[in-house]
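These notes concern the structure reproduced below.
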Amino acid sequence: MLRIGLACALVASLSVRPAAAEGVDFIDDAKLLYRVAACGNAVEPLPAVLTKGDPKTTKVLQKIVDGHCKRILDYMAKFRAQYFDKGRAWFDEVVPKTVPSTVVYPFGGGDLISALVAFPTATEITTISLEQSGDPRRISKLTVNQIDNSLGVLRRDIGGLISVGSNTSENLSAGQRNDLPGQVSSFLLGLVAGGYEPVSMRYFTFDDLGAIKYLEQADIDASDKEKGKSLKGDWQDPSFPRAFSNVEIQYRKIGDTAVRVHRHVGWNLGDSYLKSNPALIKHLEKKGKVTILTKGASYLLWRTDFSLIRNYMLDHLAWMLSDSTGIPPFYARQSNMVQETYGYYSGAFLEGAQDGRHDQAFMDLWRTSKKRKLPFRFGYVDKEKQAHLVVTRPKDK
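155 is the number that the working numbering gives to position 38 of the sequence shown; each next residue is one higher, with no gaps.
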């Protein structure tokens, strides 16, 4: 009887033991980028692997990184004060406590930081954009001059992100050519701003049914022989192979043990691409009802050729926050949604989107809605530079 009891206990212990991690874990590279590019733990000395222990090189690189981090952390302090601190009361008032902890952020290139601001209790965040994540391996092989130049490019390319939580398509596209991975660096910067730290970093793809397949070393070795390719004709080709398109970063609050997940998927959300590559939608559908964030999306959701991602959003959103680049009122009403406006809206920010039926519908929505305060910019402004946001949710039953 004792043997049976011991055997049962052994089986039980094995059943709760976590499965071995799949795929190559790039956490060492993530920690280097977290320290050097994102300025986490900025008071600590630089890891010796960056300078091979050479005192002269260490002194020069330390000065370069200190200068970079002074600028980054100055911006970050202002951002944190505006959004994480002062803006917290607004988000606490507007975002229901019951929203799903799974967040999907279409058109969210590089912008983990905004999702962390809006939904600090999220346990899983998925950002999706044309921008591919980037190869983290280079940082330990770069010269001091290359690191200096790459940090300068990074500051230029993410400047808007750490000032107003938004960035331009040109900067996002250019970030794919930097020696330091622009998307991954931006995500790590978001973690620093929110008081988080990375605990693992893996790359993945999807199978035909939308299940995640983490990349093993053999997959990465095979991909190293191929050139990167952009997901849109006028986008710059990445300077890294396709294997580094999609990244999963597990992270936790500093001092906490609970692990959360951020995944970035490099994918074209236009109908023609999604029809040929349906795995992303299949993956997203498995999540069930989700919280959705969209902003700075170039009004693509207004267009007829972005119907598949728009329909996914309407079918699966439990609650959504967006600027005017989100779901237009015409489609929201068709799906039995209500929309609640904040701030002011007098027309689309981009000229190409102005004066059409969706622009007019948004102007009518703001004109006829209750006036609600919005004390900060979070995404696009309108053509009069006015901050605005809209909540889209199913009608109350």
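Cβ atoms here follow ideal geometry from the backbone N, Cα and C, with glycine treated the same way.
For residue j and residue i, the rounded distance between their alpha carbons
i, j, result
"Ser441", "Ala396", "28 Å"
"Val177", "Val309", "24 Å"
"Lys214", "Arg377", "18 Å"
"Val301", "Gly269", "16 Å"
"Arg273", "Lys512", "43 Å"
"Lys187", "Arg474", "46 Å"
"Ala155", "Gly460", "32 Å"
"Phe60", "Gln471", "The shown model of the chain, from 118 to 514, leaves out residue 60, and the question about it has no answer."
"Cys125", "Met318", "Here Cys125 scores only 42 on pLDDT, less than 50, and its place in the model is too uncertain to base an answer on."
"Val212", "Thr168", "46 Å"
"Ser130", "Ser389", "With a pLDDT of 39 at Ser130, under the threshold of 50, the modelled position of that residue is not reliable, and the figure given next carries that caveat. About 49 Å."
"Ala147", "Pro315", "7 Å"
"Val216", "Val234", "15 Å"
"Thr485", "Arg450", "15 Å"
"Pro237", "Pro445", "26 Å"
"Trp207", "Gly413", "20 Å"
"Thr175", "Ala159", "15 Å"
"Gly372", "Glu210", "27 Å"
"Thr243", "Phe479", "27 Å"
"Tyr368", "Tyr151", "12 Å"
"Gly311", "Arg197", "8 Å"
"Leu305", "Leu229", "9 Å"
"Gly170", "Leu163", "10 Å"
"Val525", "His505", "In the structure displayed, the chain extends from 118 to 514; residue 525 sits before or after that span and is not available."
"Leu149", "Lys514", "50 Å"
"Tyr320", "Lys342", "17 Å"
"Asn385", "Lys180", "40 Å"
"Gly140", "Asp336", "9 Å"
"Trp419", "Ser463", "17 Å"
Residue i in three-state terms, based on DSSP
i, result
"Tyr192", "helix"
"Gln456", "strand"
"Gln477", "helix"
"Glu314", "strand"
"Glu365", "strand"
"Leu216", "Correcting the residue identity first, residue 216 is Val in this sequence and not Leu. In the structure shown, Val216 sits in coil (DSSP, three-state: anything other than H, G, I, E or B)."
"Leu386", "coil"
"Tyr331", "strand"
"Arg484", "helix"
"Ala129", "Residue placement at Ala129 is flagged as unreliable, the pLDDT there being 39, under the threshold of 50; a coordinate-derived value is accordingly withheld."
"Lys500", "coil"
"Leu149", "helix"
"Phe321", "strand"
"Arg377", "strand"
"Pro358", "coil"
"Val141", "coil"
"Thr168", "coil"
"Arg510", "strand"
"Lys173", "helix"
"Tyr200", "helix"
"Val221", "strand"
"Lys392", "helix"
Integer Cβ distance of residue i from residue j, believed to fall under 8 Å
i, j, result
"Phe361", "Gln249", "7 Å"
"His400", "Phe323", "6 Å"
"Phe466", "Lys488", "Rounded, the Cβ-Cβ distance is 21 Å, inconsistent with contact."
"Ser257", "Ile275", "Rounded, the Cβ-Cβ distance is 21 Å, inconsistent with contact."
"Gly350", "Lys403", "About 30 Å; that fails the 8 Å criterion."
"Leu259", "Gly299", "Not really, about 15 Å apart at Cβ, beyond 8 Å."
"Leu410", "Tyr222", "5 Å"
Closest Cα partner of residue i within the set the options
i, options, result
"Gly443", "Leu306, Lys403, Gly496", "Gly496"
"Gly251", "Ser340, Leu418, Gly276, Phe236", "Ser340"
"Val508", "His475, Ala470, Glu457, Lys490", "Glu457"
"Glu241", "Gly276, Pro164, Val316, Thr408", "Thr408"
"Phe447", "Lys173, Ser231, Asp476", "Asp476"
"Glu365", "His381, Pro355, Ser356, Gly350", "His381"
"Thr374", "Leu190, Gly170, Tyr313, Leu306", "Tyr313"
"Phe224", "Arg205, Asn394, Leu247, Ser231", "Leu247"
"Asp183", "Lys406, Gly157, Lys514, Met430", "Gly157"
"Leu332", "Phe357, Asp325, Asn363", "Asn363"
Distance cut-off 8 Å: residue i Cβ against heavy atoms of the ligand GTP
i, result
"Ser347", "This structure does not include the ligand GTP; it has no bound ligands of any sort."
is_contact[residue i, chain B] using C-beta, thresh 9 Å
i, result
"Phe208", "Reference to chain B is not applicable here, since this structure consists of a single protein chain."
Within the region 225-269, note down every full alpha helix (DSSP H) run reaching 4 residues or more, in order along the chain. 229-235
What are the start and end residues of each continuous alpha helix (DSSP H) run of 4 or more residues lying completely inside the region 396-450, in chain order? 396-402, 424-433
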